[in-house]
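A quick write-up on the structure given underneath.
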Amino acid sequence: MATIASAETNETTEQVRNPDFRLAPWAASYLQATPLILILGFFFILPILMIAVVSFWDYDFAGLYPDFLTMNYTETLGSWVTWKTYLNTLKFTVIVWALTVFIGFWVAYFLAFHIRRTSTQMILFLVCTVPFMTSNIIRMISWIPVLGRNGLVNSALIKAGIIPQPIEWLLYSDFAVVLAMVHLYTLFMVTPIFNTLMRIDRSLFEAARDAGASGWQILWNIVIPLAKPGIAIGSIFVVTLVMADFSTVQVMSGGQSASVALMMKNQMSLLQYPAAAANAVVLLIVVLMMVAAILRVVDIRKEL
């Protein structure tokens with residue numbers, strides 16, 4: 008009897024361990040992805056859909072009225088002021104992107120190839136991140152006493168006898184906007200490029216030197232092609248950040264320059280939410296086109 012009871016117990020345990028109900032492999036994959044899908048859907052897709060819906064609403068000084076009108080888009084795309092604002096934003100984007108690529112590549116190159124010890128590399132990289140422990144506003148405002156009419160630069164140049172009077176365009180100008188943006192966003196270019204350069208096999212350099220290649224030939228034919236994924240990722244970061252920046256343009260230009268994000272901010276302050284939503288949709292499309300162009304030039308999945 009004890010043997011029979013033991014056999015029945017083992018059979019029951021085996022049934023519990025191997026139940027008849029099993030999830031299909033595809034269902035298990037979907038269940039594992041469900042939390043990520045919910046997070047992306049609630050915090051990313053849903054807000055974009057809400058902005059797209061509001062962009063078709065009507066509005067006046069009294070409130071918003073749910074409707075389906077294309078007036079906001081026709082006013083946005085049909086205004087020469089809007090086109091000039093987009094062109095000005097693209098100008099900032101191209102200039103800041105070019106400068107951050109140049110500065111970011113050489114900083115990453117120095118850290119990756121000229122600093123031998125990993126601990127020293129990490130220390131220097133952390134030094135680069137120290138300014139990011141403060142807010143963007145603080146780092147941006149810190150340029151005002153440097154570039155102002157009575158700031159450090161003008162005072163030093165006047166004392167040295169290089170200029171007779173202060174340079175006015177150092178502050179509250181497009182130059183100040185570009186300088187502040189380069190300061191704010193260069194690290195977003197340095198990090199992915201540095202990560203890509205650290206993954207390059209150093210034996211490639213030795214083989215190239217054995218074949219008679221010079222330092223510049225190694226740079227142009229080995230380092231830069233292999234650094235393309237990092238440059239592309241950094242470019243996506245910088246482009247999206249500059250296109251969406253309004254505080255830097257507002258503060259550093261002294262209200263003399265315009266950007267799409269600043270225009271949207273002004274529209275929201277005037278309670279023109281549908282017009283701002285239409286601008287946001289257009290801006291999103293422009294940014295996605297720029298990102299697609301970057302990914303068209305560099306296929307990150309194949310290069311990594």
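Mapping of the sequence shown onto this note's numbering: position 214 corresponds to residue 221, and the numbering continues sequentially without gaps.
Cβ atoms here follow ideal geometry from the backbone N, Cα and C, with glycine treated the same way.
L71 - DSSP class collapsed to helix/strand/coil: In the sequence shown, the residue the question calls residue 71 occupies position 64. Three-state result, L71: strand.
From I151, D208 and I169, residue whose alpha carbon lies closest to that of A183: Indexing the sequence shown from 1 puts residue 183 at position 176. When each option's Cα is compared against that of A183, the closest is I151.
Among Y37, S264 and W223, the one whose alpha carbon lies nearest that of L178: Numbered from 1 along the sequence shown, position 171 holds the residue referred to as residue 178. The candidate whose alpha carbon is nearest that of L178 is S264.
Reference P118, options G111, S162, Q128 and P171, closest by Cα: Locating residue 118 in the sequence shown gives position 111, counting from the first residue. Checking the sequence, you will find Leu at residue 118 rather than Pro. That would be Q128, whose Cα lies nearest to the Cα of L118.
Unbroken alpha helix (DSSP H) run spanning Q39, endpoints: Here residue 39 refers to the residue found at position 32 when the sequence shown is read from its first residue. First-last of the alpha helix (DSSP H) with Q39: P32 to L47.
Paired residues, beta bridge with D252 - DSSP: The residue given as residue 252 occupies position 245 in the sequence shown. The partner list for D252 (beta bridge, DSSP) is empty, contrary to what the question assumes.
Rounded separation between T41 and F49 - CA only: In the sequence shown, the residue the question calls residue 41 occupies position 34. In the sequence shown, the residue the question calls residue 49 occupies position 42. If I take the Cα positions, the gap works out to 12 Å.
Closest Cα partner of A239 within the set D217, S142 and F195: Along the sequence shown, one-based indexing puts residue 239 at 232. It is F195.
Helix, strand or coil at D181 according to DSSP, with G and I counted as helix: Stepping through the sequence shown from its first residue, residue 181 is reached at position 174. Here D181 sits in helix by DSSP.
I230 to M205 span [Cα, whole Å]: Taking the first residue of the sequence shown as position 1, residue 230 is located at position 223. Taking the first residue of the sequence shown as position 1, residue 205 is located at position 198. For clarity, residue 230 is Val in the given sequence; the question names Ile instead. Answer to the nearest angstrom: the Cα atoms are 11 Å apart.
Inter-stretch contact (C-beta, 8 Å, three-pair minimum) for the segment 60–73 and the segment 278–287: yes
Whole-number beta carbon distance between L269 and V256, since they are thought to touch under 8 Å: Stepping through the sequence shown from its first residue, residue 256 is reached at position 249. Stepping through the sequence shown from its first residue, residue 269 is reached at position 262. Confirmed, about 5 Å.
Residue environment, M259, which counts as buried when at least 16 other CB atoms sit within 10 Å: Here residue 259 refers to the residue found at position 252 when the sequence shown is read from its first residue. By the neighbour-count rule (16 or more Cβ atoms within 10 Å), M259 is buried.
Given 8 Å, three or more beta-carbon pairs between the segment 106–117 and the segment 184–193: yes
Neighbour-count burial assignment, N228, 16 or more Cβ in a 10 Å radius: Looking up residue 228 in the sequence shown gives position 221. Counting C-beta atoms within 10 angstroms of its own C-beta, N228 has fewer than 16 neighbours from the protein chains shown and is therefore classed as exposed.
Alpha-carbon spacing of T198 relative to T100, whole angstroms: Against the sequence shown, residue 198 aligns to sequence position 191. Against the sequence shown, residue 100 aligns to sequence position 93. Cα to Cα, T198 sits roughly 19 Å from T100.
Closest Cα partner of E213 within the set I46, T96 and I225: Working through the sequence shown from its first residue, we reach residue 213 at position 206. The option with the nearest alpha carbon to E213 is I225.
Same chain, Cβ closer than 7 Å to A280, neighbours up to 5 away in sequence not counted: Here residue 280 refers to the residue found at position 273 of the sequence shown. As written in the sequence, residue 280 is Tyr, which differs from the Ala given in the question. Same-chain partners within the cutoff: V61, Y66 and L71.
Y179: CB within 6 Å of a non-hydrogen atom of the ligand COA: The ligand content of the structure shown is nil, which means the ligand COA is not present either.
Host alpha helix (DSSP H) of P140 (start-end): Residue 140 sits at position 133 when you count from the first residue of the sequence shown. The question names Pro, but residue 140 is Met in the sequence shown. Per DSSP, M140 belongs to no alpha helix (DSSP H) and is neither H nor E.
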